[in-house]
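K.L.:
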Amino acid sequence: MQWAMRDPGFKTQLFRFVDAFPRLSTPSDVHDHLVDYLTQPDVKLPPFLETGLKAGRLAKGTMTKVVTKLISTMGETFIAGRDAHDALPTLEKLWRSGIGFTVDVLGEACVSAEEAIRYRDRYLQLIETLPSLVSKWNEDPVLDTDHLGPIPRTNLSIKISALHSELDPIDLDHSVDALFENLGPILEAAGRHGVFVNFDMESHAMKDITIAAFMRAVETIPFEGGLAMQAYLRSGDDDARWVAGWAKTLDRPITVRLVKGAYWDYETIHAEEMDWPVPVWSRKADTDACFERMTAVFLEATPPNAGEGGIKLALGSHNARSIAYALALAEHHGLPRSAVEVQMLHGMGGQLKHAARAMQLRVREYVPVGEMVPGMAYLVRRLLENTSNESWLLASQSGDADIATLLSSPHKHRSDADPGLARIGGRAERHNLSYSHPAVGDGRPFANEPLRDFSDASTRTTFESAVAAAAVPAVDFGATEADADDAVRRAAGAFPAWRDRPQHERSNLIIRVAGLMRERRDELSAIIIEEVGKDWRGADADVCEAIDFCEFYAREAARLGNATRLGSFIGEHNELRHEARGVAAIISPWNFPLAILCGMTTAALAVGNTAVIKPSAQSKGIARVFHGILGEAGIPPDVAVFLPGPGRTAGARLVRHKDISVIAFTGSKAVGLDIIAAAGLTADDQAHVKHVVCEMGGKNAIIIDSSADFDAAVLDVRSSAFAFQGQKCSAASRVIIVGPGHDEFVDRLVASTAALTIGDPTDPGTDIGPVIDKQAHDSIMGYIEKGKREATTALAMEVPDHGLMAGRHYVGPHIFVDVPETATIALEEIFGPVLSVFKAATFDEALRMANASRYKLTGGVHSRRPAHLEQARREFRVGNLYLNRAITGALVGRQPFGGFGMSGLGSKAGGSEYLLHFVQPRAVTENTMRRGFAPEL
Ligand code: FDA
C-alpha cells in the first residue's frame with residue numbers, strides 16, 4: 013500500500029488485479045494475471061517483486077498462496093466476516109470496548125429480481141436474529157441512549173441499488189414504487205423488532221430516488237431510520253435545507269449521517285465522459301467547508317426535547333477537524349454531547365474511535381459483512397481512500413503532520429476560483445478531437461453534444477412535456493420514378509453553384525442546421541419515440557448524434573476544402589485539392605431515423621454535393637422535419653431535394669439514374685448488395701463511375717472471458733442485445749463465454765433480462781418497445797421458431813396481449829443456449845431481440861468463433877486479463893471493437909463507425925476519413941521557375 017501511494021502506475025495495476033482476483037479460479041490464472049498487470053508499461057515495482065519477476069522465481073503455487081493471503085488480509089481489515097453471525101464476535105468485542113455498530117451487507121450491483129430478493133432476505137434474517145443476541149450484552153448508557161431517549165442497539169445500513177435492479181431516475185415514481193416491494197418488508201420488520209435502518213447514499217444519479225424513498229418510508233412505515241447525505245456534492249447546502257425543512261414537519265426525529273462521499277473519482281470521471289457538469293466539488297477544501305455548513309443546518313434542526321420532529325446528527329468522518337467543528341457548534345447551541353454521534357468505518361481510525369469514546373462520545377462503527385466478490389467494489393473504494401493524497405486520516409498519521417494545517421479552517425479557500433466551475437469548452441480542447449476553423453461555427457473545435465442527464469428533475473419534466481406534445485407529420489410516400497427523375501434533374505441543376513460556393517459558407521449553413529436541431533432537441537426526440545418506438549434515452553442519443561454529425565462534418569469539410577501543398581520543392585508547386593462529386597442519393601434507414609439520415613446528407617452537402625434524400629417509409633415523418641430544418645437553415649431547395657417514396661420504385665430508379673454520382677446507403681445486406689450491383693452498371697451517356705458508401709448489417713459477438721466482471725458484463729450484454737429491441741446494426745446477437753463461468757453468466761443474464769419492462773416507449777420506464785412493423789415482427793418470430801428447434805431456449809419473454817399493444821407489434825427478448833455454430837440463428841442477422849449463447853474452452857477458441865462470421869461490424873470483449881485485451885486488439889477483426897463496455901452507442905469523432913466484410917465497404921461514419929467518399933481528389937502542379945528564377949529562392 014505504501015508503494016502504491018508512491019507510484020501511481022503500480023497503484024492502478026495493483027488495484028486492477030485486486031478487483032479481478034476473486035474471479036480467478038486456478039493458481040495459473042492468478043499467476044498469469046498478476047504477471048500481466050505488473051509488467052504493464054509505467055509500472056515501477058517494489059524491489060522484492062522486481063527481483064522475483066526477473067528471476068522467474070514467482071512459482072505459480074507459492075505465488076497464489078502468498079497473494080491470496082495478502083489480499084485476504086487486506087479484505088479482513090475492512091470486511092468483518094462472511095455474514096453478521098460470522099462477525100458477531102467482532103461486534104461484541106467492539107461493544108465491550110464502548111463502540112456500537114451498524115452492519116452493512118455487501119452487495120451493491122444487483123442485476124435481477126432474484127438477486128434483490130436474496131439481499132432483502134439477508135436483511136430480514138438479520139432483523140429477526142440480531143436483536144435478541146445483542147440484548148444480552150452489557151448495558152452502556154452512552155451507547156444505549158441519547159438526549160431524546162433510548163436508541164436501538166441493532167443498527168443496519170442498506171443500499172437501495174441492491175434491493176432492485178432497475179432503479180432509474182428517468183422514472184422516479186415508478187422506481188420508488190418498485191423499490192418498496194423489497195424495502196417495505198425490511199422496514200416493517202425493523203419497526204416490529206426495534207431495529208434502526210440507515211439508507212446509505214450512493215452515486216449522484218441515485219440521490220433523488222434515495223431521498224424520495226426515505227421520505228416515503230418515514231411517512232408511511234413506523235420504524236427508526238436514518239439517511240446518509242454527502243457534502244462533496246455541490247448541491248449539499250440545498251440538500252441539507254430540503255431534508256432538514258421536511259424533517260421538522262414530522263412528529264419524530266430522523267437521523268442524518270453526514271458524510272463527504274465515497275464516489276468522488278467515479279462522479280468526476282463519469283461527468284467528464286458525458287460532458288455533464290461535475291456534481292462534486294473539485295477541491296477537497298470545498299467539500300470540507302460544505303460539510304461544516306451542512307453540519308450547521310442539521311444542528312439548527314436538532315430538537316432539544318423528545319416528541320418533536322427534526323434531525324439527529326451522526327458524523328460519518330475520520331477527520332478530527334470536521335468532527336471537532338460539529339461538537340463545538342453543538343455545544344454552542346446548548347446541546348448535550350449525546351446529541352451528536354460519531355461514526356467511523358471498520359478498519360479505519362482505530363485510535364480516533366477510542367479517543368472519541370474516552371470523551372464520552374457515542375461512537376458507532378460501520379461494519380461491512382459479505383463475500384469477496386460482492387464486496388470488491390467496497391474494498392476498492394477503501395483502498396483508494398487509504399492511498400489518497402487528500403485523506404485527512406493518512407495526512408494525520410504521516411511523520412511530518414502539521415497540526416495547525418490539519419485543523420485549519422477550510423472556509424478560507426475561495427470557491428469562486430474552483431476550476432471545476434470554469435468549464436473549458438468541452439472535451440475537444442482537452443483531447444484535441446478534431447480540427448477547428450476560424451471562419452467555421454464559433455471557431456471552436458468539435459465537441460460531442462452531451463446527452464440529457466435524466467437524473468435532473470427539470471430535464472425530466474421538460475422532456476416529458478415534449479413527449480406528450482409529439483406530433484409526427486403526415487407525409488405522402490407516393491414518389492414515383494418520374495418524381496425521382498425530376499428530383500435528380502433539380503439537384504443536378506443546383507450542383508455547380510453549390511459546389512463553387514465558398515467552403516466556409518457551406519460549413520456554416522450545416523452548423524446552422526445543428527443549431528436548429530439543438531433548439532428543438534426534445535421535440536425531435538419525441539417524434540422519434542412516437543414514430544419508430546425508441547425509448548427516451550435512445551431517441552435523445554439519436555438527436556445528439558445528428559447534431560454531432562453536422563458539427564463534425566462542417567469542420568472536417570473546412571479542413572478538406574483547403575488545398576494542401578505537397579512537398580517543398582524549389583521551382584515546382586504541388587497541391588492536392590478535393591472537389592465534390594455531383595449529385596448524391598441518400599438512402600437512409602428507420603433505425604437511426606434522424607442520425608443516419610442527417611449524417612449521410614450533411615456529409616454530402618458539406619463538401620459541395622447536392623443531394624436527393626429518400627427516407628425509409630417507417631420514418632418519413634422525422635425525415636420530413638429534418639428536410640424542413642435544412643431549408644430553414646438556408647440550404648437552397650434544389651440543393652437537398654426530398655423524395656419520399658418506396659424503394660422498389662423511387663429508390664430503385666434513383667440509384668440507377670445516370671446523373672447520380674455517389675450513393676450513400678445504410679440498411680440491409682440484401683438491398684446494399686443490390687445497390688452496389690446497380691451502381692456498377694454504367695449507361696452509355698453516363699459521364700462518371702458511381703461511388704457507393706454502404707453500411708450493412710452485423711452478427712456481432714461479445715466474448716466474456718473467465719476473468720470478466722460479471723456484474724458489468726451482464727448489464728453490457730443485456731443493453732447491447734436488447735436496447736431498441738435489438739434493431740441496431742451494432743447490436744449484440746452472439747455471446748461467447750469462456751471457461752467454467754458459462755452457467756453462472758447465463759443464469760444472471762436471463763434473470764437480468766427478465767427484469768426489463770416491455771411497454772409503451774413514451775413511458776420513461778419502458779425498456780422494450782415495439783419492433784418497427786408487422787413484417788419485422790413476423791420475420792423475427794420466424795427466427796425464434798427456428799431457434800427453438802436448433803437450440804435450447806433459456807429465455808422467451810412473454811409479451812402482454814400476444815405481441816400486439818395499441819396496434820403495435822412486440823417481440824419479447826429471447827436467449828438461446830447450446831447453439832451450434834452452424835445454426836441459422838448463429839449465422840444470420842435477425843435484427844430483433846434474439847441472442848445466441850456459445851461456450852468456448854479458451855480465449856483463443858472464443859476469438860476464432862467470434863471471427864467466423866462474414867459480418868465484421870462490432871465486437872466486444874469483457875476481460876480483466878491485459879494480455880487477452882491486447883490479443884483482441886490485434887486479432888478480433890471487426891470495424892468497431894469495444895473492450896469492457898457495451899458494443900453499441902458509437903460517438904461521432906470518438907468511435908468512427910462502420911464495418912467491413914459483409915457489413916459494408918469500410919467507410920467510417922463520424923471519422924475524419926468519411927468525407928473522402930464524397931469528393932474526388934485533384935493534384936495540381938505548377939512549374940514556378942522562369943529563366944532560372946523561382947519565387948521560393
Ligand atoms: P477526509 O476529510 O480525508 O475526506 C476525504 C473525502 O473528501 C473523500 O472521501 C471525498 O469525499 C472528498 N474529497 C477528496 N478529494 C477531493 C477533491 N479533490 N475535491 C473535493 N472533494 C474531495 N460515503 C458515501 O458516499 N455514502 C455513504 O453512505 C457513506 N457512509 C459512510 C458511513 C460511515 C460511518 C463513514 C465513516 C463513511 C461513510 N462514507 C459514505 C464514506 C465517506 O463519504 C468518506 O469517503 C470517508 O469517510 C472519508 O471522509 P473523511 O471525512 O473521513 O476524510
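If you count the sequence shown from 1, you need to add 12 to reach the working numbering.
We put the CB at the ideal spot given by N, CA and C, even for glycine.
Every value quoted in this text rests on a predicted model; they were computed, and no experiment measured them.
#1: In the DSSP output, which residue or residues are listed as bridge partners for VAL750?
#2: In this structure, what does DSSP give as the bridge partners for PRO265?
#3: Could you check where the beta strand (DSSP E) with GLY112 kicks off and where it finishes?
#4: Which residue spans inside the segment 470–545 form an unbroken alpha helix (DSSP H) run of at least 4?
#5: From the DSSP output, in three-state form, read off PRO776 for me.
#6: Give a yes or no on contact between the segment 889–896 and the segment 591–603, applying the rule of three or more CB pairs nearer than 8 angstroms.
#7: With a CB to CB cut of under 8 angstroms and the five nearest residues on each side skipped, what residues in its chain are close to LEU46?
#8: Quick one: does the C-beta of THR80 sit closer than 6 angstroms to a heavy atom of the ligand FDA?
#9: If I'm right that ALA664 touches LEU655 with Cβ under 8 angstroms, what's the distance once you round it to whole angstroms?
#10: In the DSSP assignment, find the unbroken beta strand (DSSP E) run with GLN355 in it and report its ends.
#11: Can you name, in chain order, every residue of its own chain whose Cβ lies under 7 angstroms from the Cβ of ARG668, other than the five neighbours on each side?
#12: Where does LYS626 fall in DSSP's three states?
#13: Assess contact between the segment 695–715 and the segment 669–683, defined as three or more Cβ pairs (one per stretch) separated by less than 8 angstroms. Is contact present?
#14: Give me the Cβ distance between GLU568 and ARG577, rounded to the nearest whole Å; I'm assuming they're in contact under 8 angstroms.
#15: What is the DSSP secondary structure of CYS706, reduced to helix, strand or coil?
#16: On the CB-based measure, 16 or more other CB atoms within 10 Å of its CB, does ASP250 come out buried or exposed?
#17: Going by DSSP, which residues form a beta bridge with VAL829?
#18: Can you list, in chain order, the residues of its chain whose CB lies under 6 angstroms from that of GLN739, leaving out five sequence neighbours each side?
#19: Considering ARG349, what are the terminal residues of the alpha helix (DSSP H) in which it resides?
#20: Assign GLN52 to one of two classes, buried (16 or more other C-beta atoms within 10 Å of its C-beta) or exposed (fewer than that).
#21: Within 10 angstroms of the Cβ of PHE945, are there 16 or more other Cβ atoms? Answer buried if so, exposed if not.
#22: Contact defined as beta carbons within less than 8 angstroms: I believe GLY384 pairs with GLY87. What is the distance between those atoms, to the nearest angstrom?
#23: Taking the alpha-carbon of ASP497 as reference, which of ASN520, TYR447, SER400 and ALA597 has the nearest alpha-carbon?
#24: Run the proximity test for ALA240: is its beta-carbon closer than 6 angstroms to any non-hydrogen atom belonging to the ligand FDA?
#25: Applying the 10 Å Cβ sphere with the 16-neighbour rule, what's the burial state of LYS868?
#26: Cutting at 7 angstroms between CB atoms, please list the residues of its own chain near ARG593, excluding the five before and the five after it.
#27: Taking CB distances under 7 angstroms as the criterion, tell me whether ARG571 reaches chain C.
#28: Using 8 angstroms as the Cβ pair cut-off and three pairs as the minimum, do the segment 852–871 and the segment 771–788 touch?
#29: Just to confirm, is the Cβ distance from PRO462 to TRP293 under 7 angstroms?
#30: Measure from the alpha carbon of ILE323 to the alpha carbon of each residue in ALA128, ALA713 and GLY257, then state which is nearest.
#31: Determine whether the beta carbon atoms of ARG524 and ALA618 lie at a separation below 7 angstroms.
#32: In its own chain, which residues sit with a C-beta less than 8 angstroms from the C-beta of THR280, not counting the 5 before and 5 after it?
#33: For HIS826 and LEU839, which I take to be in contact (beta-carbon distance under 8 angstroms), what is that distance rounded to the nearest angstrom?
#34: Is ASN331 close to the ligand FDA? I mean its beta-carbon at under 6 angstroms from any heavy atom of the ligand.
#35: For ALA803, which residues in the same chain have their Cβ closer than 8 angstroms to its Cβ, ignoring the five residues on either side in sequence?
#36: In angstroms with no decimal places, state the Cα-to-Cα distance between LEU184 and ILE221.
P.N.:
On the basis of the data shown:
#1: ALA852
#2: GLY322
#3: 111–117
#4: 493–512, 515–531 and 533–544
#5: The answer is coil: DSSP assigns PRO776 none of H, G, I, E or B.
#6: No: the two stretches stay apart, fewer than three of their Cβ pairs being nearer than 8 angstroms.
#7: PHE29, LEU70, MET75 and VAL79
#8: no
#9: Actually they are not in contact, since the Cβ atoms of ALA664 and LEU655 sit about 12 angstroms apart, beyond 8 angstroms.
#10: First-last of the beta strand (DSSP E) with GLN355: 352–357.
#11: ALA690
#12: strand
#13: yes
#14: Their Cβ separation, rounded to whole angstroms, is 19 angstroms, which puts GLU568 and ARG577 out of contact at 8 angstroms.
#15: strand
#16: exposed
#17: THR804
#18: ASN603 and PHE843
#19: Taken as a continuous stretch (DSSP letters only), ARG349 belongs to no alpha helix (DSSP H), as it is neither H nor E.
#20: exposed
#21: exposed
#22: Going by the sequence as given, residue 384 is Met instead of Gly. Right, the Cβ-Cβ distance comes to about 6 angstroms (below 8 angstroms), so this counts as a contact.
#23: Of ASN520, TYR447, SER400 and ALA597, the residue nearest in Cα terms is ALA597.
#24: For the ligand FDA, at least one heavy atom lies less than 6 angstroms from the Cβ of ALA240.
#25: buried
#26: Cβ contact annotation for ARG593 (same chain, cutoff 7 angstroms, sequence separation greater than five): ASN621, SER673, VAL674, HIS703, PHE930, VAL931 and GLN932, in chain order.
#27: You won't find chain C in this structure, because it holds only one protein chain.
#28: no
#29: no
#30: GLY257
#31: For the pair ARG524 and ALA618, the CB atoms are not nearer than the 7 angstroms cut-off.
#32: Within the same chain, THR280 has close Cβ partners VAL290, VAL292 and SER294.
#33: Not a contact, Cβ separation roughly 16 angstroms.
#34: Taking the Cβ of ASN331 as the reference point, at least one heavy atom of the ligand FDA falls within a distance shorter than 6 angstroms.
#35: PHE828, VAL829, ASP830, VAL831, PRO832, ALA835, ILE837 and SER848
#36: 6 angstroms
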